[in-house]
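Enquirer:
2 protein chains.
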Amino acid sequence: MGLLFSNNNFPSNIKWLASPTSQEWIEQAIANPIEVLIDHAHCERKAAGAAIQLMFRYLCEPGLAEKLSPLAREELEHFERVLTILIARGRYLEPLPAPPYGAELAKRIRKTEPERMLDSFLVAGLIEARSHERMSLLAIHSPDNELRALYGELLKSEARHFSLYWKLAHERYEKQLISNRLKQLAFEEAAILSELHPEPRMHS
Amino acid sequence: MGLLFSNNNFPSNIKWLASPTSQEWIEQAIANPIEVLIDHAHCERKAAGAAIQLMFRYLCEPGLAEKLSPLAREELEHFERVLTILIARGRYLEPLPAPPYGAELAKRIRKTEPERMLDSFLVAGLIEARSHERMSLLAIHSPDNELRALYGELLKSEARHFSLYWKLAHERYEKQLISNRLKQLAFEEAAILSELHPEPRMHS
Chain A
1 MGLLFSNNNF PSNIKWLASP TSQEWIEQAI ANPIEVLIDH AHCERKAAGA
51 AIQLMFRYLC EPGLAEKLSP LAREELEHFE RVLTILIARG RYLEPLPAPP
101 YGAELAKRIR KTEPERMLDS FLVAGLIEAR SHERMSLLAI HSPDNELRAL
151 YGELLKSEAR HFSLYWKLAH ERYEKQLISN RLKQLAFEEA AILSELHPEP
201 RMHS
Chain B
1 MGLLFSNNNF PSNIKWLASP TSQEWIEQAI ANPIEVLIDH AHCERKAAGA
51 AIQLMFRYLC EPGLAEKLSP LAREELEHFE RVLTILIARG RYLEPLPAPP
101 YGAELAKRIR KTEPERMLDS FLVAGLIEAR SHERMSLLAI HSPDNELRAL
151 YGELLKSEAR HFSLYWKLAH ERYEKQLISN RLKQLAFEEA AILSELHPEP
201 RMHS
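What follows is the structure, encoded as structure tokens:
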């Protein structure tokens, strides 16, 4: 459950997360590849939406829009790639009840500035870090060649994404403050996941 | 004020719009290049936001998300290009009161389906068509080499954008119905613009 930081501004995935994903989740996900793909497509579009929402909220904050906009574009590109695979397999986006993970994490974002912006970066980064961890697992354990390749490719950018949120925080907040808050949020993220019944969703 | 359609599904700009931009607007825009650039950046981000909002609203509508997502990416790319020029000129995004153009047009979107989707496509297309017309004017009349080049390049994609909205409509609605509704909306768009005092904004 250790939460360590590297010396540079780009901590690797494992240092963001306070707990690893359960074996149960991996088994569920592998047994339901299409459901996970559909949910993954939703996650990518929601990640794009979240980056754009942040950009709109802090529009005149120098150094923000020019980083969040390319991030949103990349999330949309991933969304399109997942959608292409779904279409090739005769499926499409379907309404899929999302687990309460994202909504629960969003509740932890403090309501007043400057805490709100810091928490927004860290929560977004945590979600990216968890996605990265889970895509890594799918890239190893999925029995489907095409899906292994997909997750293997996408997770490289996911690592850049949580590094970006980390960097955005570091450019604006004191290091100790970020580390302390990330530690709290990471433990909360792990606690939220531990209470969810594993379902074939990226964040259940 | 004629509103004509070509034989294929891709009417050119002039056929969308019911009236040309006034000389007054051109003079105002050329005299205030930075204000227009800032406003243009806002327009690009809002266009991306609108495409994403449409995509989220009609998520499970086949053939939509895979077209709106690349469109949103391209709008974001334009946003970044305009922002880069602003930054190079020592400026950034600034809160700029938007003219009531977009809000007024949005009011014309009917509230119930299937009319709502059709109107959403046509209003989005009209805004793109007007942007295209005005960028064409700036690409010709701006005394600034860099800005002439910028507008000249961007307007090629703007033409693709309103064609895309046209195509999305054509894939789902009867041709005469679209033509009639576009005609109404185009006249309303022209009427909205004719009542606005020209300001250095893309849509004033």
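Residue numbers (our numbering), protein chains in the order written: chain A, 1 to 204; chain B, 1 to 204. We put the CB at the ideal spot given by N, CA and C, even for glycine.
What are the residues in the stretch 83-102 of chain B lying within 8 Å of chain A by C-beta distance?
Expert: Listed in sequence order: L83, T84, I87, Y92, L93, E94, P95.
Enquirer: Using 9 Å as the limit for Cβ to Cβ distance, is I192/B near chain A?
Expert: Taking the second sequence and counting its residues from 1, one reaches residue 192/B at position 192. No, no contact with chain A.
Enquirer: For the alpha helix (DSSP H) containing D144/B, list its first residue and its last residue.
Expert: For this step, residue 144/B is matched to residue 144 along the second sequence. Looking at the DSSP string, D144/B is not in any alpha helix (DSSP H), and its letter there is neither H nor E.
Enquirer: On the three-pair Cβ rule with 8 Å, is the stretch 164-182 of chain B touching the stretch 107-126 of chain B?
Expert: Cβ pair count under 8 Å is three or more, so yes.
Enquirer: Does the stretch 14-27 of chain B touch the stretch 49-68 of chain A, meaning 3 or more C-beta pairs lie closer than 8 Å?
Expert: As far as the Cβ criterion goes, the stretch 49-68 of chain A does not touch the stretch 14-27 of chain B, which means the pair count is below three.
Enquirer: Contact defined as beta carbons within less than 8 Å: I believe A29/A pairs with P200/A. What is the distance between those atoms, to the nearest angstrom?
Expert: By one-based count along the first sequence, residue 29/A stands at place 29. By one-based count along the first sequence, residue 200/A stands at place 200. A29/A to P200/A, Cβ: 6 Å. Contact.
Enquirer: Count the other CB atoms, across all protein chains shown, that sit within 10 Å of the CB of R110/A; report buried if there are 16 or more and exposed otherwise.
Expert: What you label residue 110/A is simply residue 110 of the first sequence in a count that begins at 1. It is exposed - the Cβ of R110/A has fewer than 16 other Cβ atoms within 10 Å.
Enquirer: Tell me the rounded alpha-carbon separation between M1/A and P100/B.
Expert: For this step, residue 1/A is matched to residue 1 along the first sequence. For this step, residue 100/B is matched to residue 100 along the second sequence. Because the pLDDT at M1/A is just 30, under 50, the model does not fix this residue reliably, and the value given afterwards should be weighed accordingly. Straight-line Cα distance between these residues: approximately 53 Å.
Enquirer: Identify whether W16/B lies in helix, strand or coil by the three-state DSSP scheme.
Expert: The residue labelled residue 16/B in the question sits at position 16 within the second sequence. Three-state result, W16/B: helix.
Enquirer: Counting pairs of beta carbons, one from the stretch 73-81 of chain B and one from the stretch 19-28 of chain B, are three or more of them closer than 8 Å?
Expert: No contact exists between the stretch 73-81 of chain B and the stretch 19-28 of chain B.
Enquirer: Between the C-alpha atoms of I34/B and A98/A, what's the straight-line distance to the nearest angstrom?
Expert: As a working mapping, residue 34/B is identified with position 34 in the second sequence. As a working mapping, residue 98/A is identified with position 98 in the first sequence. If you take the alpha carbons of I34/B and A98/A, they lie about 44 Å apart.
Enquirer: Please report the straight-line C-alpha distance between S69/A and E80/B, rounded to a whole angstrom.
Expert: The residue you call residue 69/A lines up with position 69 of the first sequence. The residue you call residue 80/B lines up with position 80 of the second sequence. Distance between the alpha carbons of S69/A and E80/B: 7 Å.
Enquirer: Go through the stretch 75-111 of chain B residue by residue and report every complete run of the beta strand (DSSP E) that reaches 3 residues or more, in order.
Expert: If we require 3 residues or more, the stretch 75-111 of chain B turns out to have no beta strand (DSSP E) run fully inside it.
Enquirer: Taking DSSP as the reference, what is the three-state secondary structure of H203/A?
Expert: Position 203 of the first sequence, counting from 1, holds the residue named residue 203/A. Coil, per DSSP.
Enquirer: Is the stretch 154-164 of chain B in contact with the stretch 182-197 of chain A, if contact means three or more CB pairs nearer than 8 Å?
Expert: Contact fails: fewer than three Cβ-Cβ distances are below 8 Å.
Enquirer: Please say whether L83/A and A65/B have beta carbons closer to each other than 9 Å?
Expert: Position 65 of the second sequence, counted from the start, is the residue given in the question as residue 65/B. Position 83 of the first sequence, counted from the start, is the residue given in the question as residue 83/A. Closer than 9 Å, so yes.
Enquirer: In angstroms with no decimal places, state the Cα-to-Cα distance between G102/A and Y151/A.
Expert: By one-based count along the first sequence, residue 102/A stands at place 102. By one-based count along the first sequence, residue 151/A stands at place 151. If I take the Cα positions, the gap works out to 21 Å.
Enquirer: Check whether the Cβ of E66/B lies closer than 9 Å to any Cβ atom in chain A.
Expert: As a first step, residue 66/B is located in the second sequence; it is residue number 66 there, counting from the start. Yes, E66/B lies at the interface with chain A (some Cβ there is under 9 Å from its Cβ).
Enquirer: Using the three-state DSSP reduction, which class does E153/A fall into: helix, strand or coil?
Expert: Stepping through the first sequence from its first residue, residue 153/A is reached at position 153. It is helical.
Enquirer: Beta-carbon of C60/A versus every beta-carbon of chain B: anything under 9 Å?
Expert: On the first sequence, residue 60/A is found 60 positions in, with the first residue counted as 1. Chain B, which has a Cβ nearer than 9 Å to the Cβ of C60/A, makes this yes.
Enquirer: Does the Cβ of A50/B have 16 or more other Cβ atoms within 10 Å, making it buried, or fewer, making it exposed?
Expert: Residue 50/B sits at position 50 when you count from the first residue of the second sequence. It counts as buried.
Enquirer: Of the residues that make up the stretch 140-169 of chain B, which ones have a beta carbon closer than 9 Å to any beta carbon in chain A?
Expert: Going along the stretch 140-169 of chain B in chain order, one finds no residue with a Cβ nearer than 9 Å to chain A.
Enquirer: Excluding the 5 residues flanking A106/B on each side, which residues of the same chain have their C-beta closer than 6 Å to its C-beta?
Expert: One-based indexing of the second sequence puts residue 106/B at position 106. The answer is none, since no qualifying residue turns up.
Enquirer: Is the separation between the beta-carbon of L147/B and that of L137/B shorter than 9 Å?
Expert: Counting from 1 along the second sequence, the entry for residue 147/B is found at position 147. Counting from 1 along the second sequence, the entry for residue 137/B is found at position 137. No, they are not a contact pair.
Enquirer: Under the three-state reduction of DSSP, which class applies to R134/B: helix, strand or coil?
Expert: The sequence position of residue 134/B within the second sequence is 134, counting from 1. Here R134/B sits in helix by DSSP.
Enquirer: Whose Cβ in chain B lies nearer than 7 Å to the Cβ of L76/A?
Expert: Walking along the first sequence from the start, residue 76/A turns up at place 76. Residues of chain B passing the Cβ test: S69, A72, R73.
Enquirer: According to the neighbour-count rule (16 or more other Cβ atoms, all chains shown, within 10 Å of its Cβ), is S204/B buried or exposed?
Expert: For the purposes of this step, residue 204/B is taken as residue 204 along the second sequence, with counting starting at 1. Per the 10 Å Cβ criterion, buried.
Enquirer: Quick one: which chain B residues come within Cβ less than 9 Å of I52/A?
Expert: On the first sequence, residue 52/A is found 52 positions in, with the first residue counted as 1. Near I52/A (Cβ distances below 9 Å), the residues of chain B are R45, A48, G49, I52, A72, L76.
Enquirer: Using a Cβ-Cβ distance cut-off of 9 Å, determine whether M55/B contacts chain A.
Expert: Sequence index remark: in the second sequence, residue 55/B carries index 55 (1-based). Yes, contact with chain A.
Enquirer: Going by beta-carbon coordinates alone, are S163/B and A47/B separated by less than 9 Å?
Expert: In the second sequence, residue 163/B corresponds to position 163, counting from 1. In the second sequence, residue 47/B corresponds to position 47, counting from 1. Going by C-beta atoms, S163/B is not nearer than 9 Å to A47/B.
Enquirer: My output table needs one value for G63/A: the three-state DSSP class, helix, strand or coil.
Expert: Residue 63/A sits at position 63 when you count from the first residue of the first sequence. It is coil, neither helix nor strand.
Enquirer: Can you round the beta-carbon distance between H42/A and L96/A to whole angstroms, since I take them to be within the 8 Å contact cut?
Expert: Mapped onto the first sequence, residue 42/A falls at position 42. Mapped onto the first sequence, residue 96/A falls at position 96. H42/A to L96/A, Cβ: 6 Å. Contact.
Enquirer: Starting from the beta carbon of E80/B, find every residue of chain A whose beta carbon is closer than 7 Å, and list them in chain order.
Expert: Counting from 1 along the second sequence, the entry for residue 80/B is found at position 80. Within chain A, the residues near E80/B are E66, S69, P70.
Enquirer: What separation, rounded to the nearest whole angstrom, lies between the Cα atoms of M181/A and A186/B?
Expert: Residue mapping note: residue 181/A aligns to position 181 of the first sequence, counting from 1. Residue mapping note: residue 186/B aligns to position 186 of the second sequence, counting from 1. With the sequence shown as reference, residue 181/A is identified as Arg, and Met is not the correct amino acid for it. Taking the straight line joining both Cα atoms gives about 52 Å.
Enquirer: State the DSSP-derived secondary structure class of P33/B, mapped to helix, strand or coil.
Expert: As a working note, residue 33/B is residue 33 in the second sequence. In this structure, P33/B counts as helix in the three-state DSSP scheme.
Enquirer: I'd like the span of the alpha helix (DSSP H) that includes R181/A, first residue to last.
Expert: Position 181 of the first sequence, counted from the first residue, corresponds to residue 181/A. Segment 175-195, the alpha helix (DSSP H) holding R181/A.
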